[in-house]
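The structure under discussion appears below in the form of structure tokens.
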Amino acid sequence: MWEKLRSIWTVPDVRKKILFTLGMLFVFRILAHINVPLTAAEQKNLANLFSGSGSNSGVGQLLGLLDVFSGGSLQSFSIVAFSVYPYITATIVMQLLQPIIPALQNLSMQGESGRLKFSQITRIIAVPLAFLQALGQCALFQQQGVLTNFSLFNPQYALQTLAILMSLVTGTMILVWLGELITEKGIGNGISIIILANILSNLPNYSHQIYVAATTGGSSSIVSIGALLIVGVIAIVGIVYIYLGQRRVPVQYPTKRNVGRGMLVGSAQTTYIPMQINSAGMIPLIFASSMLLFPTVIVKYLTSSNTTWLKNGALWVSQWVINTNTWWYWVIDFLLVVAFTYFYAYVMWQQQNIPETLQKQGAFIPGYRPGEPTSRYLTNILNRVTLAGALFLGVLTILPFLVQTGSSQPISAAALLIAVGVVLDTIRQLESQMVMRNYSGFLS
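All residue numbers for the sequence shown refer to this note's numbering, where the first residue is 17 and numbers rise by one.
See below:
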């Protein structure tokens with residue numbers, strides 16, 4: 017391992033890319049410590065909101081989900097509090113709209129120029145999404161007493177409010193720019209690298225939670241922490257196995273070559289279609305969590321309603337439907353993850369349109385005629401491999417409920433999945449960089 021690292025460091029251009037990536041991450045962490053000014057009372061209310069104490073438990077969980085992508089910047093209310101989350105949302109929206117809007121579908125078929133236009137549209141959509149998220153987040157903070165002078169319609173506070181909103185939007189777009197610089201001049205996918213840096217920046221906080229639970233809870237807490245670490249290692253191994261797992265479907269491409277006096281002899285070149293077990297990635301986790309946590313914000317507003325039946329209904333929903341301490345909440349979360357995994361896998365499969373592409377190229381799967389028989393065969397395989405990936409993501413989702421340390425739930429399914437996936441992708445890129453320079457691979 018150390019010899020591999022040394023060989024990577026001795027290649028000048030690879031070394032420059034690694035140093036450039038680290039430099040961009042250093043700039044990002046500096047931005048993460050530039051906070052929106054708050055008074056002492058507002059800072060206290062912000063800490064109580066994220067601690068989830070009292071009636072703020074549901075809102076605290078919702079903010080904790082978003083805080084995964086911000087590395088604690090949302091909890092400190094930094095100018096990069098939303099990290100690249102609006103850009104990720106814009107990317108998901110564009111992927112879902114691509115099979116619906118013919119113009120977007122045509123862009124995907126125009127090669128590199130189409131990809132650049134598609135990325136430009138995604139960045140443009142990310143700006144209003146970031147503004148709307150900033151507006152909603154600040155409105156929630158205002159209701160919880162975190163922001164006391166926030167109002168776009170009050171001339172006394174309008175300029176200060178607009179400055180806060182524009183700072184949050186600008187911080188998000190700066191991170192998107194840094195991510196694209198890392199992709200172009202550094203190592204790995206820049207947006208994913210920034211999210212990984214956010215997750216790793218939370219490790220000291222997670223370690224502190226485990227240490228406090230071990231020192232204050234006695235022998236039972238030590239046993240539970242040991243079980244937590246074992247389950248965490250098993251989860252990481254499972255993520256690697258599922259992430260790399262694929263079903264390879266053989267495909268034959270007919271070719272022709274000249275023999276003798278212009279005679280053509282046919283032959284076949286065999287390759288395969290790699291069908292990933294987890295082709296949806298972390299997207300189903302985000303969709304399912306958003307579906308369950310979005311009502312938390314609505315319920316929070318309705319509990320302060322003057323209408324008795326609305327207030328009582330909101331209290332009942334918060335206690336019996338969206339209460340994370342009940343087992344049926346996690347059963348619903350499990351089912352939603354499985355459903356969204358199938359949904360997103362089918363959306364991505366329809367965009368690739370592999371059966372039609374094979375038919376146009378004259379390729380075929382041995383034993384199946386091109387066209388509808390090939391489409392049915394590949395769809396059946398997609399159903400089977402997606403089932404394994406969906407069940408795994410569902411089990412990964414309910415790990416925070418199954419494994420707890422005290423009153424905290426330090427294991428985050430999305431965080432584990434993102435971290436392992438980004439590390440594997442980065443290692444693959446390092447391997448390709450070394451192979452191009454006639455060096456052995458990083459893992460070989």
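The C-beta atom is built at its ideal place from N, Cα and C for all residues, glycine as well. The model shown is predicted, which means the values in this text are computed figures rather than measured ones.
Local conformation of residue i per DSSP, three classes
i           : result
residue 311 : helix
residue 287 : strand
residue 66  : helix
residue 449 : helix
residue 294 : coil
residue 269 : strand
residue 214 : helix
residue 165 : coil
residue 51  : strand
residue 279 : Reliability fails at residue 279, whose pLDDT of 47 lies under 50, so the model's placement of it is uncertain and the value that follows must be treated cautiously. DSSP places residue 279 in strand when its eight states are reduced to three.
residue 443 : helix
residue 339 : coil
residue 26  : coil
residue 96  : coil
residue 460 : Residue placement at residue 460 cannot be trusted, given a pLDDT of 49 that sits under 50; the coordinates are not used to answer.
Residue burial classification, residue i (beta-carbon count within 10 angstroms, cutoff 16)
i           : result
residue 166 : buried
residue 280 : Here the model assigns residue 280 a pLDDT of 49, short of 50, so the residue's position is not dependable, and the following value carries that caveat. It counts as exposed.
residue 129 : exposed
residue 449 : buried
residue 29  : exposed
residue 249 : exposed
residue 301 : buried
residue 162 : buried
residue 546 : An answer regarding residue 546 cannot be provided, because it is not within the stretch 17 to 460 covered by the chain.
residue 25  : exposed
residue 360 : buried
residue 287 : exposed
residue 63  : exposed
residue 239 : exposed
residue 96  : buried
Extent of the continuous alpha helix (DSSP H) to which residue i belongs
i           : result
residue 89  : From DSSP, residue 89 is part of no alpha helix (DSSP H); its letter is neither H nor E.
residue 101 : 101-113
residue 377 : Note, residue 377: premise wrong, no alpha helix (DSSP H); not H, not E.
residue 173 : Note, residue 173: premise wrong, no alpha helix (DSSP H); not H, not E.
residue 141 : 127-159
residue 328 : 324-336
residue 350 : 343-368
residue 205 : No alpha helix (DSSP H) holds residue 205; DSSP gives it neither H nor E.
residue 119 : 118-123
Bridge partner(s) assigned by DSSP for residue i
i           : result
residue 262 : 292
Could you give the uninterrupted runs of the alpha helix (DSSP H) lying entirely in the segment 382-424, keeping only those of 4 residues or more? 388-413 and 415-418
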